[in-house]
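Residue numbers (our numbering): -7 to 377.
Even glycine gets a Cβ: it sits at the ideal position worked out from N, Cα and C.
Contents: one structure, followed by commentary.
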């Protein structure tokens, strides 16, 4: 179990991480189930927001915005005093990412690991060995919700107060340029409606200091290591493999993007012994004066875990290769939702998990012509005897 004694307390923090993982006073260290006790409803209300893309009709009204600070307060209070609930912890991770950006992800993953490591059998949602889906639902929720947040976090810094552009803006700008090659007039109309062009995004990237991208890579490296550590714990405790696979794909894409920018500028990563001088922007939300409260949980042993679990550079097994293919498919599904490529990769992964007799049945289902399959796969049809 990780040693939390060295996790410092800071009065500037919104909450004390040590209290988040300490036992709740009473007969049960993990407290009570709060799903139907009003806690979920209050948190959901604080995190709810109106979609600005939806038409308002004749009656214009002020759009409701999520109150992420209130979400943090409610989640922390619930975890400290009422229930060690993984869904509440997941909402806390989401809120902190909206507040602090990339740096909050590793911290949140460490919190989840600490809770699972200490209270696995008694956590909420309760664990049903015959049907563990409820226990894993918070991780599935994070796997769905976190990648869009990551792709929208600013990857540029602007001195004029405008929000920075994120990965999703860059991807949309690339799609606009692709459209322009096919239909310049349609692309011009899209740009007139507010679509961002690639030149605008590139100009913001060029004006952003290398220190920003270096610190972003550090944050994503920490998140990747924290995710690997959490994944090992879940695999050992419940044979739950592939947790947060889309999150891992997003981390890899964003880190590669930042590293490419640094390489193009002839700037690498600085000596890790040198203290960072810049912090990635969050999402247009206030930055606390102190470091993240969850960073306190990563002090001591958790930091050592980050340092000792660097990602492998080589594929070590067949299963790992197929897992990486699945991650690539998840990433492409988010980055290029209209492309058939992720679906083809997923089909290939499913074929790789089939025994030969099942694969032959699958390939010949519906009277498929095998010669067409050979052509699709780029093979010459075997000679007929």
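Nearest candidate by alpha-carbon position, reference residue i, set the options
{"i": "residue 220", "options": "207, 347, 237", "result": "237"}
{"i": "residue 225", "options": "210, 146, 108", "result": "108"}
{"i": "residue 134", "options": "206, 239, 254", "result": "239"}
{"i": "residue 314", "options": "333, 176, 344, 336", "result": "344"}
{"i": "residue 111", "options": "339, 21, 258, 347", "result": "21"}
{"i": "residue 75", "options": "121, 175, 114, 125", "result": "114"}
{"i": "residue 319", "options": "151, 192, 139, 174", "result": "139"}
{"i": "residue 87", "options": "141, 131, 129", "result": "141"}
{"i": "residue 222", "options": "211, 235, 177", "result": "235"}
{"i": "residue 186", "options": "165, 204, 118, 203", "result": "165"}
{"i": "residue 204", "options": "335, 10, 106, 95", "result": "95"}
{"i": "residue 158", "options": "152, 145, 151", "result": "145"}
{"i": "residue 245", "options": "14, 194, 163, 119", "result": "163"}
{"i": "residue 121", "options": "232, 84, 311, 252", "result": "232"}
{"i": "residue 230", "options": "30, 119, 36, 34", "result": "119"}
{"i": "residue 210", "options": "24, 132, 126, 243", "result": "243"}
{"i": "residue 93", "options": "143, 106, 190", "result": "143"}
{"i": "residue 256", "options": "227, 198, 309", "result": "198"}
{"i": "residue 191", "options": "168, 206, 27, 175", "result": "168"}
{"i": "residue 127", "options": "311, 89, 337, 25", "result": "25"}
{"i": "residue 154", "options": "182, 137, 37, 193", "result": "193"}
Backbone secondary structure at residue i - three-state DSSP
{"i": "residue 155", "result": "coil"}
{"i": "residue 75", "result": "strand"}
{"i": "residue 116", "result": "strand"}
{"i": "residue 23", "result": "strand"}
{"i": "residue 249", "result": "helix"}
{"i": "residue 331", "result": "coil"}
{"i": "residue 57", "result": "coil"}
{"i": "residue 244", "result": "helix"}
{"i": "residue 259", "result": "coil"}
{"i": "residue 222", "result": "helix"}
{"i": "residue 231", "result": "coil"}
{"i": "residue 41", "result": "coil"}
{"i": "residue 309", "result": "coil"}
{"i": "residue 89", "result": "helix"}
{"i": "residue 340", "result": "helix"}
{"i": "residue 81", "result": "helix"}
{"i": "residue 317", "result": "helix"}
{"i": "residue 236", "result": "coil"}
{"i": "residue 63", "result": "helix"}
{"i": "residue 150", "result": "coil"}
{"i": "residue 28", "result": "coil"}
{"i": "residue 14", "result": "coil"}
{"i": "residue 324", "result": "helix"}
Proximity of residue i and residue j at Cβ, strictly below 8 Å
{"i": "residue 200", "j": "residue 149", "result": "yes"}
{"i": "residue 241", "j": "residue 323", "result": "yes"}
{"i": "residue 81", "j": "residue 104", "result": "yes"}
{"i": "residue 258", "j": "residue 196", "result": "no"}
{"i": "residue 70", "j": "residue 59", "result": "no"}
{"i": "residue 65", "j": "residue 41", "result": "no"}
{"i": "residue 179", "j": "residue 171", "result": "yes"}
{"i": "residue 12", "j": "residue 72", "result": "yes"}
{"i": "residue 248", "j": "residue 254", "result": "no"}
{"i": "residue 321", "j": "residue 332", "result": "no"}
{"i": "residue 130", "j": "residue 61", "result": "no"}
{"i": "residue 63", "j": "residue 39", "result": "yes"}
{"i": "residue 161", "j": "residue 188", "result": "yes"}
{"i": "residue 16", "j": "residue 83", "result": "no"}
Any C-beta of chain C under 8 Å from that of residue i
{"i": "residue 309", "result": "This model lacks chain C altogether; it includes just one protein chain."}
Any non-hydrogen atom of the ligand PLP closer than 7 Å to residue i Cβ
{"i": "residue 341", "result": "Within the structure as shown, the ligand PLP is missing, as the structure has no ligands at all."}
State whether the stretch 201 to 219 contacts the stretch 87 to 103, with contact taken as three or more CB pairs (one from each stretch) at a distance under 8 Å. Contact between the stretch 201 to 219 and the stretch 87 to 103 is present, with at least three C-beta pairs closer than 8 Å.
Start-end ranges of the alpha helix (DSSP H) lying completely within the stretch 154 to 208, minimum 4 residues: 159 to 174, 176 to 184, 190 to 199
Where in the stretch 95 to 147 do unbroken runs of the alpha helix (DSSP H), each at least 4 residues long, occur, reported from the N-terminal end onward? 95 to 111, 125 to 144
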